[in-house]
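Visitor: Residues in the sequence shown are numbered from 1 upward in steps of one, following the numbering used here. Don't be surprised by glycine CBs; every beta carbon is placed ideally from N, CA and C. If you're wondering where the values come from, they're calculated on a predicted model, not measured in any experiment.
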Amino acid sequence: MKVNLLAFALCCILSHVQADDTRYERFYLRERALPQGGNGGSSGICVAGSLSEECGAKKNESCGLCSAYSLECGVNSECVEASTCTNSICGGDIANTREPLHCTPSGLSLSILKNFEYADVGVTDSLVKLLGPSDPTMAAALVIVVPHGGSLRPDYINDRKTNDPTYCPSGGCRVSADSYTKQIAEQIASKFIQNYCKVPYLIINELHRSKMDANREKEEAAFGNAIAESAWTKFHEYINEAQTHIQTEFDTVYNEASIEGVRGLVFDVHGYAGTDWHNEGSDFIQWGYRLGKDSLDQNAVNNCPIDITSSSTRGSFTHARQMPDESLECLVRGPKSLGQRFNDQLPLSLASSMTCGRGLPSLDYQDPKAVASDPTYCADNDGVCSYYSGGYDVKVHERMDWDNDPTFSGIHMNTVQAELPRCIRFATDEVHEEVGDKLSIALCSFMTDLFGSDIC
């Protein structure tokens, strides 16, 4: 819902907008998040309308769990519907679902369009692949990127070290793979074809992260190894090539700030251990828009909405945020956000879990800082758990001239990062397939609401 954001910022301190009775309803998801047979009392989970004093008592009268469910503490320590900035601005938004077309995708599949190989006596290795439609007219306006899903560990590329003083930043380098992200990304692409008879583009780094990190600057990514540097370059050139194909096929559109953007989306697939969280790793899908926890902090003064506190070139939705009838606040954590769309499509295989697959941020979990600081979820010694807001890939590929546009003045393409939790990645093949199916629907629905039904 497009609003006069400045006027809202001035008035929201004085009053809260009362949502219409027909506005988007989230109660069913909160109910589904409870342990079987629970009502919010014994488990300590707060439910809208419950009068359990334990909601407050178990959190030292703070009703801390309420905020994690986008609720607030009532006069009797019960959780009630919160009048948050997001609810006020985005409460009337309608998230349209692009239902699967039940088409017959005969002859449609992912074809290898480019394949960067290393060849020597007795060895030929595929290092980076670009897959997509053999016929560009059958493309979907989606680029799926997998920077850390590879498993190839060739001897001809030296290992990257976690603490190399020449190449690593002060916090060290990361060398662990994002296990099963390649397989899940392939499922997303496959389900996209089955559901919509359109073929997305898919870029895969086949090298293990200990050999090359495709989501970092070249120096940290390759440690000066010429082969790794070439693979890194090809990875990013392939992303840009896929973006260019989409630009040719689907064209660009100007937003209300006269920023030109490609009608499409780059979806960067990652995985995280989340060992600082409870339950042997966080269960949330962390959606990254290049907006940190402080930017999304709903308790910060004058941080409502994020359209005002975030400049027009900050975040990964520079173009989408000023499309007609859109706002950054709603695109990131409103009813039409990717996090909420997947919440609404939640696979049955995840429904019995309290949080597995739920989006952070989303309309149900609006504030990553509140959730990451809640001891119900966070087990870190300093009391603040990790939230991944988006890395190198979504930053540089938000602009088409990815390696030569520091001012963000050129043509844009919207990007988003998804950090998938272990509860999804280390699940069964059947769960991977179901998650791929529901993510394909969420992604297509999001793009359709932004750009029209021809996108997918």
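In this structure, how does DSSP classify Tyr-196 when only helix, strand and coil are distinguished?
Guide: Locating residue 196 in the sequence shown gives position 196, where the first residue counts as 1. In the structure shown, Tyr-196 sits in a helix (DSSP, three-state: H, G or I).
Visitor: How about Ala-95 and Gln-417: do their beta carbons lie closer than 8 Å?
Guide: Residue 95 sits at position 95 when you count from the first residue of the sequence shown. Residue 417 sits at position 417 when you count from the first residue of the sequence shown. Going by C-beta atoms, Ala-95 is not nearer than 8 Å to Gln-417.
Visitor: Rounded to whole angstroms, what's the CA-CA distance from Ala-33 to Ser-352? Just pull it up for me.
Guide: By one-based count along the sequence shown, residue 33 stands at place 33. By one-based count along the sequence shown, residue 352 stands at place 352. With a pLDDT of only 34 at Ala-33, under the threshold of 50, the placement of this residue in the model should not be trusted; the figure read from the coordinates follows. Approximately 7 Å, taken between the alpha carbons.
Visitor: Can you find at least 3 beta carbon pairs, one from the stretch 201–209 and one from the stretch 282–299, that sit closer than 8 Å?
Guide: Output reads no: the stretch 282–299 does not touch the stretch 201–209.
Visitor: Could you give the residue range of the alpha helix (DSSP H) that holds His-236?
Guide: For the purposes of this step, residue 236 is taken as residue 236 along the sequence shown, with counting starting at 1. Residues 226–250.
Visitor: Confirm the yes/no value for this check: CB of Asn-205, any heavy atom of the ligand PLP, distance under 7 Å.
Guide: This structure lacks the ligand PLP; in fact it carries no ligand of any kind.
Visitor: If you follow the alpha helix (DSSP H) that Tyr-392 is part of, which residue opens it and which one closes it?
Guide: Sequence index remark: in the sequence shown, residue 392 carries index 392 (1-based). Run containing Tyr-392: 392–396, per the alpha helix (DSSP H) assignment.
Visitor: Would you mind reading off the limits of the beta strand (DSSP E) that contains Asn-414?
Guide: Taking the sequence shown and counting its residues from 1, the one referred to as residue 414 is at position 414. First-last of the beta strand (DSSP E) with Asn-414: 412–420.
Visitor: Applying the criterion that 16 or more other CB atoms from any shown protein chain within 10 Å of the CB defines a buried residue, is Val-143 buried or exposed?
Guide: The residue labelled residue 143 in the question sits at position 143 within the sequence shown. Buried: at least 16 other Cβ atoms inside 10 Å.
Visitor: Please report how far the alpha carbon of Val-431 lies from the alpha carbon of Phe-284, in whole angstroms.
Guide: Indexing the sequence shown from 1 puts residue 431 at position 431. Indexing the sequence shown from 1 puts residue 284 at position 284. Between Val-431 and Phe-284, the C-alpha separation is close to 15 Å.
Visitor: Which residues in the same chain have their Cβ closer than 6 Å to the Cβ of Thr-97, if we skip the five residues on either side of it in sequence?
Guide: If you number the sequence shown from 1, residue 97 lands on position 97. Same-chain partners within the cutoff: Ser-445.
Visitor: Does the stretch 215–232 come into contact with the stretch 154–166, if we say contact requires no fewer than three beta-carbon pairs (one atom in each stretch) closer than 8 Å?
Guide: Counting Cβ pairs under 8 Å, three or more are found: they touch.
Visitor: Could you check how far apart the C-beta atoms of Tyr-196 and Pro-347 are, in whole angstroms? I think they sit under 8 Å.
Guide: Residue 196 sits at position 196 when you count from the first residue of the sequence shown. Residue 347 sits at position 347 when you count from the first residue of the sequence shown. Not really, about 18 Å apart at Cβ, beyond 8 Å.
Visitor: Take the Cβ of Gly-107 as the centre, count every other Cβ of all protein chains shown within 10 Å, and call the residue buried at 16 or more, exposed below.
Guide: As a position in the sequence shown, residue 107 is number 107, starting the count at 1. When all chains shown are included, Gly-107 counts as exposed.
Visitor: Which residues in the same chain have their Cβ closer than 8 Å to the Cβ of Met-400, if we skip the five residues on either side of it in sequence?
Guide: Stepping through the sequence shown from its first residue, residue 400 is reached at position 400. Once the five neighbours on either side are set aside, the close Cβ partners of Met-400 are Asn-240, Gln-243, Thr-244, Gln-247, Val-262, Gly-410, Ile-411, His-412 and Met-413.
Visitor: Along the beta strand (DSSP E) that carries Val-145, what are the first and last residues, could you check?
Guide: If you number the sequence shown from 1, residue 145 lands on position 145. Looking at the DSSP string, the run of the beta strand (DSSP E) that includes Val-145 is 139–146.
Visitor: Indicate whether the contact test is met: 3 or more Cβ pairs, each with one atom in the stretch 120–138 and one in the stretch 419–436, closer than 8 Å.
Guide: Contact fails: fewer than three Cβ-Cβ distances are below 8 Å.
Visitor: Of the residues Thr-137, Leu-265, Trp-287 and Lys-336, which one's Cα is nearest the Cα of Glu-398?
Guide: Your numbering for residue 398 matches position 398 in the sequence shown. Ranking Thr-137, Leu-265, Trp-287 and Lys-336 by Cα distance to Glu-398 puts Leu-265 first.
Visitor: Rounded to a whole number of angstroms, what is the C-alpha to C-alpha distance between Cys-46 and Trp-232?
Guide: For the purposes of this step, residue 46 is taken as residue 46 along the sequence shown, with counting starting at 1. For the purposes of this step, residue 232 is taken as residue 232 along the sequence shown, with counting starting at 1. Summary for Cys-46: the model assigns pLDDT 47, below 50, so the residue's position carries little reliability; its value from the coordinates is reported in the next sentence. The alpha-carbon atoms of Cys-46 and Trp-232 are separated by roughly 47 Å.
Visitor: Let me check understanding here. Comparing Cα to Cα, which of Lys-129, Glu-229 and His-102 lies closest to Tyr-156?
Guide: As a first step, residue 156 must be located in the sequence shown, where it is residue number 156. Minimum Cα distance to Tyr-156 is reached at Glu-229.
Visitor: Considering just the uninterrupted stretch of the beta strand (DSSP E) at Glu-260, what are its terminal residues?
Guide: Position 260 of the sequence shown, counted from the start, is the residue given in the question as residue 260. Segment 260–271, the beta strand (DSSP E) holding Glu-260.
Visitor: Could you check if Ser-111 is buried or exposed, using at least 16 other CB atoms within 10 Å of its CB as the buried criterion?
Guide: By one-based count along the sequence shown, residue 111 stands at place 111. Burial call: exposed.
Visitor: Quick test of your reading: Gln-322 and Ile-259, contact by CB under 8 Å. State the CB separation rounded to the nearest angstrom.
Guide: As a working mapping, residue 322 is identified with position 322 in the sequence shown. As a working mapping, residue 259 is identified with position 259 in the sequence shown. The Cβ separation is near 7 Å, so the contact holds.
Visitor: Out of Asp-382, Ile-308, Asp-374 and Lys-198, state which residue places its alpha-carbon closest to the alpha-carbon of Pro-133.
Guide: Translated into the one-based positions of the sequence shown, residue 133 becomes position 133. Among Asp-382, Ile-308, Asp-374 and Lys-198, the Cα nearest to that of Pro-133 belongs to Lys-198.
Visitor: Please determine, among Pro-305, Phe-267 and Arg-290, the residue with the shortest C-alpha to C-alpha distance to Ala-140.
Guide: Mapped onto the sequence shown, residue 140 falls at position 140. Minimum Cα distance to Ala-140 is reached at Phe-267.
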